[in-house]
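Going by the numbering used here, the letters in the sequence shown line up with residues 118 to 434, in that order.
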Amino acid sequence: MQSGQASKIWLALGASLAISGGFAIVMSLPEGGEVLWLGVGLIAAGSLALRRGLAGADQGARSTPRREAAPSASADDSNIEPELRAPAPRNVALTTRGKLVLAVWVAVLAVFSLLSHQHFGYLPAPPSKKLLDQEGVSAPATVHSRDARSLEDGRTLYFLGYTYTADAGTPMRVNQSVPQRVYARVSEGDTTEVVYMPLNPEQHYLPELTSPVTTAMVVFIAAVLLLAAGFAEAQRRLHRRLAASGKAVSGFTADVRRRGGVRSFLVNYDASGKRQTLRARERNPELRNGQTVTVLYDPAIPSRAVVYRHGMYKARA
118 MQSGQASKIW
128 LALGASLAIS
138 GGFAIVMSLP
148 EGGEVLWLGV
158 GLIAAGSLAL
168 RRGLAGADQG
178 ARSTPRREAA
188 PSASADDSNI
198 EPELRAPAPR
208 NVALTTRGKL
218 VLAVWVAVLA
228 VFSLLSHQHF
238 GYLPAPPSKK
248 LLDQEGVSAP
258 ATVHSRDARS
268 LEDGRTLYFL
278 GYTYTADAGT
288 PMRVNQSVPQ
298 RVYARVSEGD
308 TTEVVYMPLN
318 PEQHYLPELT
328 SPVTTAMVVF
338 IAAVLLLAAG
348 FAEAQRRLHR
358 RLAASGKAVS
368 GFTADVRRRG
378 GVRSFLVNYD
388 ASGKRQTLRA
398 RERNPELRNG
408 QTVTVLYDPA
418 IPSRAVVYRH
428 GMYKARA
């Protein structure tokens, strides 16, 4: 599969996942629960896919000449922004695009941190939670004891005792270790809901005090976010490095195509004696073939480049 086609697939997949995640989060409010966590996971996966697609689009440089008889993409700096003519390293600052990307990541990580904090403040979901939700029976459970035990190593363990009666009339008395926030949330004499299996009343959980998702799901979402954040940070560092020390050349646009309200196009530029090509996208109805555009590239690896106006950083005048 060609890199351009692969980039389009990743971009489409990422957009679909991100939109689905946002929709899931909106639909989950105000109750939250598993749908909210699913939405966060979809946004994380969508962000990773979008980053990969954008990397293929913006950094997919190739040395194959284009078929058009286009203007020369020379190193003539007459069309290069004045701030890029200063000797490297240049002072740089975040662009509006860069600030938006960072703001989105801060928001996603803040939501994930909040949900994780809430998750670890509840009882962990049992492996049989799905089966209990499908076939279990609900009953009231009464808290009959709360106990805090201090250990020699300075830690404190918290225990909660509660009683409920199964359909068969069998009283069930349970005492289990709980997180401190669960311990602080209830008092002796409180009543909460319990869901148990009719044929095995000992198999149960407390919905009001149990996290709606498993710890495994939290770890998986954290891993996806970590991968996506690592890729995003690598892109940020590359953009900053190119803005500060990259070689600025004047390229030209080619193969401009309309994709809805977005224009996809190629940017051809000359570096180290070879024709290089970048794929790019932007909302610009005035974009035409042959227009000049500034490209920043790494002299050590000419294919590592970015369209200057698409970068997360700009050079300061």
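Backbone N, C-alpha and C fix where the C-beta goes; we use that ideal spot for every residue, glycine too.
For a test of the three-state rule: what should DSSP assign to S381, helix, strand or coil?
In the three-state reduction of the DSSP assignment, S381 falls in the strand class.
Determine which residues share a DSSP beta bridge with Q393 and list them.
Per DSSP, Y386.
What does the alpha-carbon distance come out to for the pair K391 and R358?
K391 and R358 have their C-alpha atoms some 22 Å from each other.
Taking the alpha carbon of K364 as the point to measure from, which residue in P419, L226 and Q393 has its own alpha carbon closest?
Checked all of P419, L226 and Q393; the closest Cα to K364 is P419.
What span of residues does the beta strand (DSSP E) with E319 cover, start to end?
N317 to Y322 is the span of the beta strand (DSSP E), which, as asked, contains E319.
Which whole runs of the beta strand (DSSP E) in the stretch 263-323 are 3 residues long or more, in chain order?
List check, beta strand (DSSP E) in window: 273-282, 288-295, 308-314 and 317-322.
For H436, which residues of its own chain have a beta-carbon under 6 Å away from its beta-carbon, when the five flanking residues on both sides are left out?
Outside the shown range of the chain (118 to 434) lies residue 436, about which nothing can therefore be said.
Is the distance from the Cβ of R207 to the Cβ of A432 below 9 Å?
Contact: yes.
At which residues does the beta strand (DSSP E) containing R376 begin and terminate?
In the DSSP annotation of this structure, the continuous segment of the beta strand (DSSP E) that includes R376 starts and ends at K364 to R376.
First through last residue of the beta strand (DSSP E) which encompasses A422:
Counting along the chain, A422 sits inside the beta strand (DSSP E) bounded by residues I418 to V424.
Compare the beta carbon distance of F276 and S262 with 9 Å and say whether it is the shorter of the two.
Yes, these two residues count as a Cβ contact at 9 Å.
Boundaries (first-last residue) of the alpha helix (DSSP H) holding V225
Counting along the chain, the alpha helix (DSSP H) containing V225 begins and ends at T213 to H236.
Excluding the five sequence neighbours on either side, which residues of its own chain have a C-beta within less than 6 Å of the C-beta of T448, listed in chain order?
Here the chain covers residues 118 to 434 and nothing more, so residue 448 does not appear.
Going by alpha carbons, who is nearest to L413 out of T394, Y279 and M314?
Among T394, Y279 and M314, the Cα nearest to that of L413 belongs to T394.
Given a threshold of 16 other Cβ atoms within 10 Å of its Cβ, counted over all protein chains shown, does H356 qualify as buried or as exposed?
So H356 counts as buried.
With distances taken Cα to Cα, identify the nearest neighbour of R405 among E200, T282, K247 and F369.
R405 has its Cα closest to that of F369, out of E200, T282, K247 and F369.
Please determine, among H234, M429 and G158, the residue with the shortest C-alpha to C-alpha distance to A349.
Ranked by how close their Cα comes to the Cα of A349, the residues H234, M429 and G158 have M429 in first place.
Identify whether R207 lies in helix, strand or coil by the three-state DSSP scheme.
R207 falls in the coil class under three-state DSSP.
Between the C-alpha atoms of F371 and F382, what's the straight-line distance to the nearest angstrom?
The sequence shown places Ala at residue 371, not Phe. Cα-Cα distance, rounded: 6 Å.
Which of helix, strand or coil does DSSP assign to L343?
Secondary structure at L343: helix, using DSSP grouped into helix, strand and coil.
So for L248, helix, strand or coil by DSSP?
Of the three classes helix, strand and coil, the one that applies to L248 here is helix, per DSSP.
Cβ distance (whole Å) where L326 is taken to contact V299 below 8 Å
Indeed, because the Cβ distance is near 5 Å, the residues count as touching under 8 Å.
T411, enclosing beta strand (DSSP E) - first and last residue:
Start and end: T409 to D415.
Hey, how far is the Cα of F229 from the Cα of W222?
Taking the straight line joining both Cα atoms gives about 10 Å.
In the DSSP output, which residue or residues are listed as bridge partners for Y239?
For Y239, DSSP records no beta bridge to any residue.
Just list the residues that DSSP pairs T259 with in beta bridges.
BP columns for T259 point to T280 and T308.
Which residues in the same chain have their Cβ closer than 6 Å to the Cβ of V303, if we skip the five residues on either side of it in sequence?
Excluding sequence neighbours, V303 sits near V260.
Just mark S216 as buried or exposed, buried being the case when its beta carbon has 16 or more other beta carbons within 10 Å.
First, the amino acid is wrong: residue 216 is Lys here, not Ser. Around the beta carbon of K216, a 10 Å sphere encloses fewer than 16 other beta carbons of the protein chains shown; the residue is thus reported as exposed.
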